[in-house]
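Q: Line order of the protein sequences matches chains R and X.
Start counting at 1 in the first sequence, then tack on 84, and there's your number in my numbering.
Start counting at 1 in the second sequence, then tack on 5, and there's your number in my numbering.
We put the beta carbon where it would ideally sit given N, CA and C, even for glycine.
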Amino acid sequence: MSNTQNKTYDVAVIGAGIVGSAIARKLAGYRLSVALLDAREDVGDGTSKANTAILHTGFDAKPGTLESKMVREGYHLLSEYAKQTGIPVEHTGAILVAWDDEQRDALPGLKEKAEQNGYAKTEIIDAAEIYRLLPHLGEGALAGLSVPDESIICTWTTNLALATEAVQRGTELLLRRRVASIDRVDGVTNLYTSIDRISARWVINAAGLGGDTIDQLFGYDRIHLTPRRGELLVYDKQARPLVDKIVLPVPTALGKGVLVSPTIYGNVMLGPTAEDLKDRTDTGTSESGFAFLRGKGEKIMPKLLEEEVTATYAGLRAASDYPDYLIEVDTEQQYVIAGGIRSTGLTSGIAVAEYVDELLRASGAIQLVERDNLPEPPHMPNIGEAFLRPYQDAARIAEDPAYGKIVCFCERVTAGEIRDTFSSPIPPCTLDGLRRRTRAQNGRCQGFFCGAEVNELLESRGKSVNVPADPNANVASVEVTK
Amino acid sequence: MSTNGTVLTPTVLIIGAGPSGLRAAAELAPRVSGEVLVLERESVAGGIPRHSDHPGYGIRDMGKFIDGPRYARILREQATAAGAKILTNATVTDWAGERSVNVTMPDGRVRVDARVIILATGARERPRPARLIPGDRGKGIYTTGHLQNIIHLKHGKVGKRAVIVGAELVSWSAAMSLKHVKCKTVLMTTEYPKADAYRLFSGPGKLFFGTKVATRTRVTRIIGKPNVQGVEIENIDTGERRIVDCDTVILTGDWIPDNELARAADVDIDPVSKSPIVDAALRTNKSGIFAIGNMLHPVDTADVAALDGAAVAEHVVSYLRGDRPAGAPLSLTADAPFRWVAPALLRQHDPAPPRRRLLLWSDTYVPFPEVVLRQNGTVIARKRLWWPAAPGRVFRVPSSLLSQINWNDGAVTIGLAK
Ligand SMILES: Cc1cc2nc3c(=O)[nH]c(=O)nc-3n(C[C@H](O)[C@H](O)[C@H](O)COP(=O)(O)OP(=O)(O)OC[C@H]3O[C@@H](n4cnc5c(N)ncnc54)[C@H](O)[C@@H]3O)c2cc1C
Ligand SMILES: Cc1cc2nc3c(=O)[nH]c(=O)nc-3n(C[C@H](O)[C@H](O)[C@H](O)COP(=O)(O)OP(=O)(O)OC[C@H]3O[C@@H](n4cnc5c(N)ncnc54)[C@H](O)[C@@H]3O)c2cc1C
Numbered sequence: 085m086s087n088t089q090n091k092t093y094d095v096a097v098i099g100a101g102i103v104g105s106a107i108a109r110k111l112a113g114y115r116l117s118v119a120l121l122d123a124r125e126d127v128g129d130g131t132s133k134a135n136t137a138i139l140h141t142g143f144d145a146k147p148g149t150l151e152s153k154m155v156r157e158g159y160h161l162l163s164e165y166a167k168q169t170g171i172p173v174e175h176t177g178a179i180l181v182a183w184d185d186e187q188r189d190a191l192p193g194l195k196e197k198a199e200q201n202g203y204a205k206t207e208i209i210d211a212a213e214i215y216r217l218l219p220h221l222g223e224g225a226l227a228g229l230s231v232p233d234e235s236i237i238c239t240w241t242t243n244l245a246l247a248t249e250a251v252q253r254g255t256e257l258l259l260r261r262r263v264a265s266i267d268r269v270d271g272v273t274n275l276y277t278s279i280d281r282i283s284a285r286w287v288i289n290a291a292g293l294g295g296d297t298i299d300q301l302f303g304y305d306r307i308h309l310t311p312r313r314g315e316l317l318v319y320d321k322q323a324r325p326l327v328d329k330i331v332l333p334v335p336t337a338l339g340k341g342v343l344v345s346p347t348i349y350g351n352v353m354l355g356p357t358a359e360d361l362k363d364r365t366d367t368g369t370s371e372s373g374f375a376f377l378r379g380k381g382e383k384i385m386p387k388l389l390e391e392e393v394t395a396t397y398a399g400l401r402a403a404s405d406y407p408d409y410l411i412e413v414d415t416e417q418q419y420v421i422a423g424g425i426r427s428t429g430l431t432s433g434i435a436v437a438e439y440v441d442e443l444l445r446a447s448g449a450i451q452l453v454e455r456d457n458l459p460e461p462p463h464m465p466n467i468g469e470a471f472l473r474p475y476q477d478a479a480r481i482a483e484d485p486a487y488g489k490i491v492c493f494c495e496r497v498t499a500g501e502i503r504d505t506f507s508s509p510i511p512p513c514t515l516d517g518l519r520r521r522t523r524a525q526n527g528r529c530q531g532f533f534c535g536a537e538v539n540e541l542l543e544s545r546g547k548s549v550n551v552p553a554d555p556n557a558n559v560a561s562v563e564v565t566k
Numbered sequence: 006m007s008t009n010g011t012v013l014t015p016t017v018l019i020i021g022a023g024p025s026g027l028r029a030a031a032e033l034a035p036r037v038s039g040e041v042l043v044l045e046r047e048s049v050a051g052g053i054p055r056h057s058d059h060p061g062y063g064i065r066d067m068g069k070f071i072d073g074p075r076y077a078r079i080l081r082e083q084a085t086a087a088g089a090k091i092l093t094n095a096t097v098t099d100w101a102g103e104r105s106v107n108v109t110m111p112d113g114r115v116r117v118d119a120r121v122i123i124l125a126t127g128a129r130e131r132p133r134p135a136r137l138i139p140g141d142r143g144k145g146i147y148t149t150g151h152l153q154n155i156i157h158l159k160h161g162k163v164g165k166r167a168v169i170v171g172a173e174l175v176s177w178s179a180a181m182s183l184k185h186v187k188c189k190t191v192l193m194t195t196e197y198p199k200a201d202a203y204r205l206f207s208g209p210g211k212l213f214f215g216t217k218v219a220t221r222t223r224v225t226r227i228i229g230k231p232n233v234q235g236v237e238i239e240n241i242d243t244g245e246r247r248i249v250d251c252d253t254v255i256l257t258g259d260w261i262p263d264n265e266l267a268r269a270a271d272v273d274i275d276p277v278s279k280s281p282i283v284d285a286a287l288r289t290n291k292s293g294i295f296a297i298g299n300m301l302h303p304v305d306t307a308d309v310a311a312l313d314g315a316a317v318a319e320h321v322v323s324y325l326r327g328d329r330p331a332g333a334p335l336s337l338t339a340d341a342p343f344r345w346v347a348p349a350l351l352r353q354h355d356p357a358p359p360r361r362r363l364l365l366w367s368d369t370y371v372p373f374p375e376v377v378l379r380q381n382g383t384v385i386a387r388k389r390l391w392w393p394a395a396p397g398r399v400f401r402v403p404s405s406l407l408s409q410i411n412w413n414d415g416a417v418t419i420g421l422a423k
């Protein structure tokens, strides 16, 4: 098989999810040649695209674990990075609700745990306070724990920003390459992918759900992943006034449980389920999942179920038999694993990258020399509902009428935004990719009105944008008062 | 030209240039002083008929039997000839005041302040998520609206073997569009029993029906990715399930009004149809805000929508003269098998509703229905009709029934004789 890249990279990162993209970005800040590989057609097309998109404080992590540390640090690192790059974040806060005596009795323990995790701002609140904050919550809440810093974030923009910055720092993004086997010759690892061979001195395994398989290629047998499916229902934007905080259940041994949360796009989500599967690609939804979620929703917020469902989806957590994140360096094989990053990796991704950096530095096995003149971090287009969007931005429309031409009516996505994605450092090549960059066709009509138009823009790679000089649109001739 | 900061001040603003909005514009432009402005978010005015390239339009309002695009063009020309102003690519995004909205268009972000606002934003079909159909997220799943946009506006293609979910009038329209691009309809499914569904089809439809409609059937799963490979369907009575191979799934009917602006204005909404609640003069509970067309009755044919537009003109003129409805309204609600009725607010001195008809949606097929009006549980009026109430289409009842209402008494319901 040919080495189409025709060179040996210093580092190849397998997996362009949030974790791999963050690691590639970090390492590309050194004088290293970096390749970022993924089996899919786009970055962020695995678990990183389908989660509940909460920026966790880590208040409920298991104290003392690496995960606890990574989430706590990741919270601050990602918050800061979001400010720099324009990733939308809303600091909504969360209320964890106890619905029975046992759950109520668990609250002081949760508060204490939060403090052990370095988060001191939780407070136990009574039912009256809960209903003041969440007037549409279902009946029967007894008490709760407020977590004022839990936030909502755009997971798509996060992944894209990290990958974009990695590319801007010189990383080569190599998509559509599933690593199937490896060998190691003279200090170089060859990765045999579905289309070619990639050679690198160091390999970082950030393959998410594929992490154990890659790990086995390096001769290990220390972690086994199970796809734990989480299904979600996203309700219409008209449900948004019902809730403006994240409503959490008391976590159990099985996981974080079903939550109701506003989304960064102005909707409300209900989910996720937690179900262990065999098939690592089964991101389909199920009848039983929907029924289970509706049952939960009925109790948590019955009024929510009267609204229309705009989207349904499922994500696969990389549940593992290893009790914590597994992040280790093998200096002999020049191999790093960042695995078992199950249900908190959106938050922790940047911290994981910092940690990998620390381990590499400590190993002394690789030279990490900072590059000078690093490019500025990218400024990402805003697709968050709470911030100014192009269709609302009079000045921007005046400069370029394409931002005044709404193509996707439900999500108010303009022709200008769609066009721009095709000249961005990582352009979309599928409808899903375009949806994640702009929100086009993610709305309540799911394409009834704009589906054909959006598809045409995708096929022409934005060239079919035509902002018509409508002869009727001579607004000035209408009776005008300034 | 930039129009930022501009405020337009038409006398009447019509939101939506479908048949209802365009007809209202044509009627109003000559009758009000000042501007009648129509805002349409698509690049060409005309509404749904523009995408619906088959005959069946214009029967009751124009006395014609023409195709959708031609029908749309006539309405457009009539509105413009009457002096109405139509702006396209103009999306009304939110409210800036009681009768004031914000609009985005390539020319700029503008505000429109009007004395009267008519909501004519139409209805859409529920897509897959809203119907909670589980399974894979493969390519090849469309609503009829989406399908017709692809085929008739963009001249695109879909797959080769389609399953149509629904067996209503609109499903038939989907079947015709599929035929146009040589995609074979292998099956239509409907949850209704045979008798109910069968009666919806006429002429050639019945032939088609014989071979291809699975009654009392629902879709329980869509299978296949990245492209659809089949659907799992269930017989509702036996619970038996089977898989039908197809690469295209068309979700038809199951309408929901585009009520976003209405709800944002706090207009009262019917809990079942999700339409704005209006009185016979098509007034909502918000003064100076009217609603017409399929957003009130999801969905009736385009001619009926257009005739709402014709009817509202008189009421808007009267509002502009300063007339206001007198007295508290009685509410009219639908009893089974009817889901909803429009208009649902009645007043003694209100004019008759458009076309002197009450519009209802029935869940079952009833031949020669005897419709009754009840007030406080007693039947106050009854009428046998010669046309059936059938699921999947609007059932129309003469509003003369309302003359029996005791205006000093309580709420009224409409249902069938026991
Ligand atoms: C339902 C659900 C809810 C969640 N909610 C939250 C939340 O609210 N907050 C939070 O912080 N986290 C949340 N998470 C967790 C978070 O989404 C994940 O931890 C994170 O996305 C993991 O990122 P990753 O980069 O490790 O994996 P991925 O995003 O899965 O990326 C791995 C990539 O590796 C590629 N790959 C795999 N094998 C190969 C191979 N052999 N060759 C080439 N490429 C390969 C894949 O194609 C994939 O793109 C949730 C997860 C789920 C499922
Ligand atoms: C597939 C199909 C086949 C049909 N076949 C027939 C047939 O054969 N014969 C027949 O009589 N009827 C048929 N109908 C029904 C007919 O199309 C409708 O009755 C008719 O279009 C309703 O008119 P309307 O004005 O209420 O709404 P619409 O035609 O839906 O028009 C509403 C308009 O409002 C615009 N709008 C919405 N929101 C905004 C906003 N915020 N800002 C600006 N503009 C906005 C929309 O873009 C749209 O153009 C069919 C419908 C479908 C879907």
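List, in order along the chain, the chain X residues whose C-beta lies closer than 7 angstroms to that of C529/R?
A: Residues of chain X passing the Cβ test: R129, P132.
Q: Determine the closest residue to W161/X out of G535/R, G546/R, V551/R, V549/R, with distance taken between C-alpha atoms.
A: The amino acid occupying residue 161/X in the given sequence is Gly; Trp does not appear at that position. The shortest C-alpha separation from G161/X is found at G535/R.
Q: To the nearest angstrom, how far is the alpha carbon of T141/R from that of W286/R?
A: Using only the alpha carbons, I get a separation of about 32 angstroms.
Q: Excluding the 5 residues preceding and the 5 following S105/X in the sequence, name in chain order all residues of the same chain whose CB lies nearer than 8 angstroms to its CB.
A: Only R116, V117, D118, A119 meet the Cβ criterion.
Q: Can you find a C-beta in chain X that's less than 8 angstroms from the C-beta of T239/R?
A: No, no contact with chain X.
Q: Note down the Cα distance separating E563/R from K90/X, rounded to an integer number of angstroms.
A: A caution first: E563/R carries a pLDDT of 36, below 50, which makes its placement in the model too unreliable to give a value.
Q: Please check if any C-beta of chain X sits within less than 8 angstroms of the C-beta of D554/R.
A: Residue confidence for D554/R is low, a pLDDT of 48 falling below 50, so the modelled location carries little weight and cannot support an answer.
Q: By the DSSP assignment, the beta strand (DSSP E) with Y62/X in it spans what residues?
A: Run containing Y62/X: 60-62, per the beta strand (DSSP E) assignment.
Q: Using DSSP bridges, identify the partner residues of Y147/X.
A: Per DSSP, I255/X.
Q: Express the C-alpha separation of V491/R and V538/R in angstroms, rounding to a whole number.
A: Taking the straight line from one Cα to the other gives about 7 angstroms.
Q: Could you name the residues of chain X that F532/R contacts, counting a contact when the two beta carbons are closer than 7 angstroms?
A: Per Cβ cutoff of 7 angstroms: R129, E130, P132, T148, G150, H151.
Q: Checking 8 angstroms against the spacing of the C-beta atoms, do I571/R and V95/R come in under that value?
A: No answer is possible for residue 571/R: it lies beyond the span of chain R, which begins at 85 and ends at 566.
Q: Strictly by DSSP, which residues pair up with R313/R?
A: The partner list for R313/R (beta bridge, DSSP) reads E359/R, L400/R.
Q: So, are the CB atoms of G171/R and T242/R less than 8 angstroms apart?
A: For the sequence presented, residue 171/R should be read as Ile rather than Gly. Taking 8 angstroms as the Cβ cut-off, I171/R and T242/R qualify as a contacting pair.
Q: Pick helix, strand or coil for Y324/X, following the three-state DSSP scheme.
A: If DSSP states are grouped into helix, strand and coil, Y324/X belongs with the helices.
Q: Enumerate, from N- to C-terminal direction, the unbroken beta strand (DSSP E) stretches of 3 or more residues contained entirely within the segment 417-485 of chain R.
A: Segments of the beta strand (DSSP E) lying fully in the segment 417-485 of chain R: 419-423.
Q: Kindly indicate which residue of Y324/X, F373/X, M193/X has the alpha-carbon position closest to the one of L390/X.
A: Out of Y324/X, F373/X, M193/X, F373/X has the C-alpha closest to the C-alpha of L390/X.
Q: Would a check of beta-carbon distances place G488/R closer than 8 angstroms to chain X?
A: Yes, G488/R counts as interfacial toward chain X.
Q: Since I122/X sits in a beta bridge, which residues does DSSP pair it with?
A: Partner(s): L18/X, I294/X.
Q: Return helix, strand or coil for M385/R, following the three-state DSSP convention.
A: The answer is coil: DSSP assigns M385/R none of H, G, I, E or B.
Q: Taking three-plus beta-carbon pairs below 8 angstroms as touching, is the segment 329-338 of chain X in contact with the segment 307-314 of chain X?
A: At 8 angstroms Cβ cutoff, the stretches do not touch.
Q: Drop a sphere of 10 angstroms on the beta-carbon of H175/R, count the other beta-carbons inside from all chains shown, and report buried for 16 or more, exposed for fewer.
A: Counting Cβ neighbours within 10 Å, H175/R comes out exposed, since fewer than 16 surround it.
Q: Which residue comes first and which comes last in the beta strand (DSSP E) that contains R221/X?
A: No beta strand (DSSP E) holds R221/X; DSSP gives it neither H nor E.
Q: The alpha helix (DSSP H) with T241/R in it runs from where to where?
A: Counting along the chain, the alpha helix (DSSP H) containing T241/R begins and ends at 239-252.
Q: Closer than 7 angstroms: is that where the CB of V191/X sits relative to any heavy atom of ligand 2?
A: V191/X: no, Cβ never under 7 angstroms from ligand 2.
Q: From what residue to what residue does the beta strand (DSSP E) around G420/X run?
A: Residues 417-421.
Q: Return the Cβ separation of A125/X and I227/X in integer angstroms, given the expectation that the two are a contact with Cβ distance under 8 angstroms.
A: A125/X to I227/X, Cβ: 34 angstroms. No contact.
Q: Hey, V43/X and A50/X are a contact pair by Cβ (cut 8 angstroms); roughly how many whole angstroms apart?
A: The Cβ separation is near 7 angstroms, so the contact holds.
Q: Whole angstroms is fine: what's the gap from A403/R's alpha carbon to T206/R's?
A: Computed Cα separation, rounded: 27 angstroms.
Q: Please classify G26/X: does DSSP put it in a helix, a strand, or coil?
A: G26/X falls in the helix class under three-state DSSP.
Q: Express the C-alpha separation of A347/X and V304/X in angstroms, rounding to a whole number.
A: Each residue's alpha carbon lies about 12 angstroms from the other.
Q: Taking just the CA atoms, how far does G293/X sit from S323/X?
A: Answer to the nearest angstrom: the Cα atoms are 11 angstroms apart.
Q: Leaving aside the five residues before and after E125/R along the sequence, list all residues of the same chain whose C-beta is less than 8 angstroms from its C-beta, in chain order.
A: Excluding positions up to five away in sequence, the list reads L259, R260, C513, T514, G517.
Q: Return yes when the C-beta of T126/X is under 7 angstroms from any heavy atom of ligand 2, and no when it is not.
A: T126/X: yes, Cβ under 7 angstroms from ligand 2.
Q: With 16 other CB atoms within 10 Å as the buried threshold, where does W260/X fall?
A: So W260/X counts as buried.
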